[in-house]
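**Student:**
Protein chains: 2
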Amino acid sequence: MSTTAPELSGRLGHLFKHAQLRLAELNAEALAPFGISGRELAVLLVLAGQEAASQQQAAGRLGVDRTTMVAFLDALEDKELVARRPDPDDRRRNVVVLTAKGADTLKRATAASDAAERRFLAPLAAADATRFRAALQAVALHDDART
Amino acid sequence: MSTTAPELSGRLGHLFKHAQLRLAELNAEALAPFGISGRELAVLLVLAGQEAASQQQAAGRLGVDRTTMVAFLDALEDKELVARRPDPDDRRRNVVVLTAKGADTLKRATAASDAAERRFLAPLAAADATRFRAALQAVALHDDART
DNA sequence: TGAAGAACGTCAGCTTCACTGACATTCACG
DNA sequence: CGTGAATGTCAGTGAAGCTGACGTTCTTCA
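Line by line, the protein sequences give chains A and B. 236 is the number of the first residue of the first sequence in the working numbering; add one for each residue after it. 236 is the number of the first residue of the second sequence in the working numbering; add one for each residue after it.
#1: Taking DSSP as the reference, what is the three-state secondary structure of residue 331 of chain B?
#2: Where does residue 257 of chain A fall in DSSP's three states?
#3: DSSP puts residue 317 of chain A in a beta bridge; with which residues?
#4: Looking only at its chain, what residues have a beta carbon closer than 7 Å to the beta carbon of residue 334 of chain B, apart from the 5 residues adjacent to it on each side?
#5: Within this structure, are the beta carbons of residue 281 of chain B and residue 257 of chain B separated by less than 9 Å?
#6: Counting pairs of Cβ atoms below 8 Å between the stretch 337–353 of chain B and the stretch 345–361 of chain A, do you hit three or more?
#7: How many whole angstroms separate the CB atoms of residue 357 of chain A and residue 262 of chain A, which I take to be in contact at a CB cut-off of 8 Å?
#8: Quick one: is residue 236 of chain B near chain A, going by C-beta distance under 9 Å?
#9: Check residue 348 of chain B in the structure and name its three-state DSSP category.
#10: Can you find a CB in chain B that lies within less than 9 Å of the CB of residue 372 of chain A?
#11: For residue 360 of chain B, does the three-state DSSP call read helix, strand or coil?
#12: Please say whether residue 250 of chain B and residue 372 of chain A have beta carbons closer to each other than 9 Å?
#13: Run through the DSSP bridge pairs and tell me what residue 244 of chain B is partnered with.
#14: Does the beta carbon of residue 189 of chain A sit closer than 9 Å to a beta carbon anywhere in chain B?
#15: Quick check: what's the CA-CA separation for residue 376 of chain A versus residue 332 of chain B?
#16: Within its chain, find whatever has a CB closer than 8 Å to the CB of residue 367 of chain A; leave out the 5 residues flanking it on each side and keep chain order.
#17: Check the DSSP bridge columns for residue 289 of chain A and list the partner residues they point to.
#18: Which one of B:286, B:248, B:277 has the shortest CA to CA distance from residue 304 of chain B?
#19: If the cut is a Cβ gap below 8 Å, which residues of chain B does residue 244 of chain A touch?
#20: For the alpha helix (DSSP H) containing residue 281 of chain A, name the first residue and the last one.
#21: Residues in its own chain within less than 7 Å of residue 275 of chain A by CB, not counting five upstream and five downstream?
#22: Just to confirm my understanding: we take residue 268 of chain A, look at its own chain, exclude 5 residues before and 5 after, and list those with CB closer than 8 Å. What are they?
#23: Counting C-beta neighbours from all protein chains within 10 Å, is the total for residue 245 of chain B 16 or more, i.e. buried, or is it exposed?
#24: Going by the CB atoms, is the gap between residue 330 of chain A and residue 288 of chain A shorter than 9 Å?
#25: Determine, for residue 355 of chain A, whether the minimum Cβ-Cβ distance to residues of chain B falls below 9 Å.
#26: Go ahead and pull the three-state DSSP assignment for residue 237 of chain A.
#27: Output, in chain order, the set of chain A residues within a Cβ distance shorter than 9 Å of residue 262 of chain B.
#28: Would you call the CB atoms of residue 291 of chain B and residue 320 of chain B closer than 9 Å?
#29: Based on Cα-Cα distance, which residue from A:326, A:325, A:259, A:374 lies nearest to residue 397 of chain B?
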């Protein structure tokens, strides 16, 4: 990986690609001991955020398709981190909850992922890192309600 | 696209994903009139950066695999934006150069992409946008020479 | 009450992106 | 020359995520 010609280092797209790649690597590394991916951690986070969500609600919160959520939950259920139970009030739905193991994994994996983020931001001074986060939020959340 | 639970808006990974998605959309929109993708523009940029590059050199500069470069060049050659010519000094190599049409497209597409970047950064004040770029560069280029 | 329509979860198939592995050609070096 | 490396090419693979179709269940309205 020598790479990255000067013509490209000014392009936002290129910078984003490499930044995300690096973050993904750090994250995967940090999460490996827990046997979960960054996306699976995100699912756990969403499920922990509110009690008793249906699969589709969880998918909506994560911003992924419901069919994608099926695969995530299949994997997490295999690892016994979440459990699907039919919703007694609406038998079309599955209520998805964290297991005890899931809650524990979530807690420790989140800490590991936080550490990865800190390593990712290490090249920046503390104040710059804070500003960076804020700016990223501003451009990311800006106008998602377009269509 | 309601989306994006509060549990996730603090996660860098999630923010990156959505920021990149938005940038990609703006870019694709801006580039559509030229019939090229953001990646193809990047290839053109790299080729314009130095005269007479082999495919593999170009791939190295772009940070992609040489097999990936084949597909890019196939597409760009179909559009008559680049030309492959056997290198007289080393007949294993193809020298890849911009055509006149390619150079023209590059110039205009770059301007359009710049405008897209400006729109992407619009939520930020000018000074913040500059800092954001710098920070992104710092974290992206940080330590790619790991392995 | 019962029939039509919508919501939910699931599955198969497709698309995109980029990689690995294998191959032929060409070069370089002894 | 002849062996080994570099180059371009192609087929196959894997991840990620989507669309479309299907069966089940709920809702609503006549």
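Ideal Cβ placement from N, Cα and C applies to all residues, glycine included.
**Tutor:** Reading it off the structure:
#1: strand
#2: helix
#3: A:333
#4: 315, 316, 317, 318
#5: no
#6: no
#7: About 14 Å; that fails the 8 Å criterion.
#8: For residue 236 of chain B, the predicted structure reports a pLDDT of 42, less than 50, and the residue's modelled location is therefore unreliable. The matter cannot be settled from this model.
#9: helix
#10: yes
#11: coil
#12: yes
#13: Answer is none; residue 244 of chain B lacks a bridge partner.
#14: Because chain A spans 236 through 382 in this model, residue 189 of chain A falls outside it and cannot be assessed.
#15: 40 Å
#16: 356, 359
#17: A:330
#18: B:277
#19: 372, 376
#20: 273–284
#21: 307, 310, 311
#22: 347
#23: exposed
#24: yes
#25: yes
#26: Annotation note: pLDDT 43 at residue 237 of chain A (below 50); position unreliable, coordinate value reported separately. In the structure shown, residue 237 of chain A sits in coil (DSSP, three-state: anything other than H, G, I, E or B).
#27: 247, 248
#28: no
#29: This structure leaves residue 397 of chain B out entirely; chain B is present only between 236 and 382.
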